[in-house]
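The next block holds one structure in the form of structure tokens; read it before the comments.
There are 2 protein chains.
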Amino acid sequence: MLTIGTLSKKTGTKVQTIRYYEQIGLMPEPGRTEGGQRRYDNAQLDRLSFIRHSRQLGFSLDAIRELLDLSDHPNRPCHEADAIARRQLKQVEQRMARLKALRTELKRMVHECSGGRTGDCKVLEVLRDHSECLTEHEETGA
Amino acid sequence: MLTIGTLSKKTGTKVQTIRYYEQIGLMPEPGRTEGGQRRYDNAQLDRLSFIRHSRQLGFSLDAIRELLDLSDHPNRPCHEADAIARRQLKQVEQRMARLKALRTELKRMVHECSGGRTGDCKVLEVLRDHSECLTEHEETGA
DNA sequence: GCTTGAACCTCTAGCGGCTAGAGGATGTAT
DNA sequence: ATACATCCTCTAGCCGCTAGAGGTTCAAGC
Chain L
17 MLTIGTLSKK TGTKVQTIRY YEQIGLMPEP GRTEGGQRRY DNAQLDRLSF
67 IRHSRQLGFS LDAIRELLDL SDHPNRPCHE ADAIARRQLK QVEQRMARLK
117 ALRTELKRMV HECSGGRTGD CKVLEVLRDH SECLTEHEET GA
Chain U
17 MLTIGTLSKK TGTKVQTIRY YEQIGLMPEP GRTEGGQRRY DNAQLDRLSF
67 IRHSRQLGFS LDAIRELLDL SDHPNRPCHE ADAIARRQLK QVEQRMARLK
117 ALRTELKRMV HECSGGRTGD CKVLEVLRDH SECLTEHEET GA
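So the protein lines, in turn, are chains L and U.
Using the working numbering, the letters of the first sequence correspond one by one to residues 17 to 158.
Using the working numbering, the letters of the second sequence correspond one by one to residues 17 to 158.
This is how it looks when you write it as structure tokens:
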């Protein structure tokens with residue numbers, strides 16, 4: 017029987033976050049002591065580890081919900097889990113492409129800064145005028 | 017004299033977002049018609065373009081506030097603007113490194129999925145057990 | 001058995017950066 | 001004069017937590 021604090025340490029999840037996951041139905045309601053404190057078992061520890069690990073890989077809580085559901089039904093075909101992971105991979109690749117364009121632009125900005133007055137600053141000039149950009153870097157979504 | 021809708025179209029910023037920027041003091045309060053509708057001039061159009069472009073490059077609204085302030089004082093030395101841009105570049109590079117690790121892991125997961133039952137699914141297995149990961153990918157912050 | 005004090009509890013509000021919608025007023029073209 | 005697109009304010013919601021107030025419970029040491 018684990019306290020929420022122990023669970024917190026074992027998984028690297030803040031106590032509040034665990035309670036939050038319970039609140040949104042990602043973690044099941046645990047048992048309670050007579051005094052009303054939460055007590056967890058190993059199954060719940062595993063579940064939380066799964067959630068945290070998925071979060072580290074960038075999956076949204078909604079995606080994790082689906083993945084947990086699949087994980088709970090070992091006889092179903094697994095192409096769904098595969099699809100979720102592929103979707104995530106795609107997103108990561110898109111974000112990387114965007115960041116690459118940003119990096120190019122930022123590098124150029126910083127490189128051309130002559131260290132004079134702000135009136136002549138290349139950094140500010142580029143921000144003022146998008147047409148000076150060599151790459152496209154639209155669509156905020158990171 | 018531009019309406020908020022025109023400004024919205026010219027800069028690709030939603031009308032609500034423009035009002036939000038005004039509310040948080042990023043955009044100045046514009047003039048109004050007798051009936052109370054906002055009317056903008058070209059200086060404000062430029063300012064909003066600057067903001068949007070900076071956002072596309074991933075600067076936070078706080079950083080943009082600083083950049084705008086610097087831009088308003090052309091005689092100050094520009095190393096501050098340079099520092100802000102360098103900070104941003106650093107962040108972008110960190111995020112890219114993280115995404116790279118994630119991509120590696122996701123690719124491996126997807127690659128090893130045999131298409132069988134969820135019970136044998138490599139994707140889910142990896143999520144269950146971090147020790148199967150070849151790369152580190154800690155610290156969510158993207 | 002009693003006292004500490006760390007860890008627990010609930011509840012509410014806030015972060016960034018918007019976005020959506022209700023419900024009503026204004027501006028412009030015909 | 002009328003239609004109707006656009007504007008207004010206001011409130012609440014999104015994601016994924018995080019922080020804090022104000023109070024209770026548990027376990028260890030005496």
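Glycine included, every Cβ here is placed at the ideal spot set by N, Cα and C.
Using the three-state DSSP reduction, which class does U/R133 fall into: helix, strand or coil?
strand
Label U/E121 either buried or exposed according to how many other C-beta atoms from any shown protein chain fall within 10 Å of its C-beta, with 16 as the threshold for buried.
buried
With distances taken between CB atoms, is the gap from L/D85 to U/V126 smaller than 9 angstroms?
no
Would you identify the three-state DSSP class for U/P42, choosing helix, strand or coil?
Here the sequence assigns Leu to residue 42 of chain U, which means Pro is not the residue at that position. Coil at U/L42, not helix or strand.
For L/L61, return the contacting residues in chain U, with the cut-off set at a CB-CB distance below 9 angstroms.
Going along chain U, no residue has its Cβ under 9 angstroms from L/L61, so there is no contact; the nearest lies around 12 angstroms.
Classify L/S147: buried if its beta carbon has 16 or more other beta carbons within 10 angstroms, exposed otherwise.
exposed
Thinking C-beta only, is U/I34 closer than 9 angstroms to U/L64?
yes
Report yes or no: is there a C-beta of chain U within less than 9 angstroms of the C-beta of L/I20?
Output row for L/I20: interface = no.
Where the alpha helix (DSSP H) through U/T27 begins and ends:
20 to 27
Which residues in the same chain as U/S199 place their Cβ atom closer than 7 angstroms to its Cβ, once the five residues preceding and following it in sequence are excluded?
A question about residue 199 of chain U goes unanswered here, because the residues of chain U that appear run from 17 up to 158.
How long is the line joining the alpha carbons of U/V142 and U/V31, rounded to whole angstroms?
44 angstroms
Rounded C-beta distance between U/R119 and L/V108? I'm assuming under 8 angstroms.
5 angstroms
Short of 7 angstroms in beta carbon distance, which residues of its chain neighbour L/T29, apart from the five on each side in sequence? Order them along the chain.
L64, R68
Taking Cβ positions only, does L/M43 come closer than 9 angstroms to chain U?
no
L/E96 and U/T134 closer than 9 angstroms at C-beta
Yes, these two residues count as a Cβ contact at 9 angstroms.
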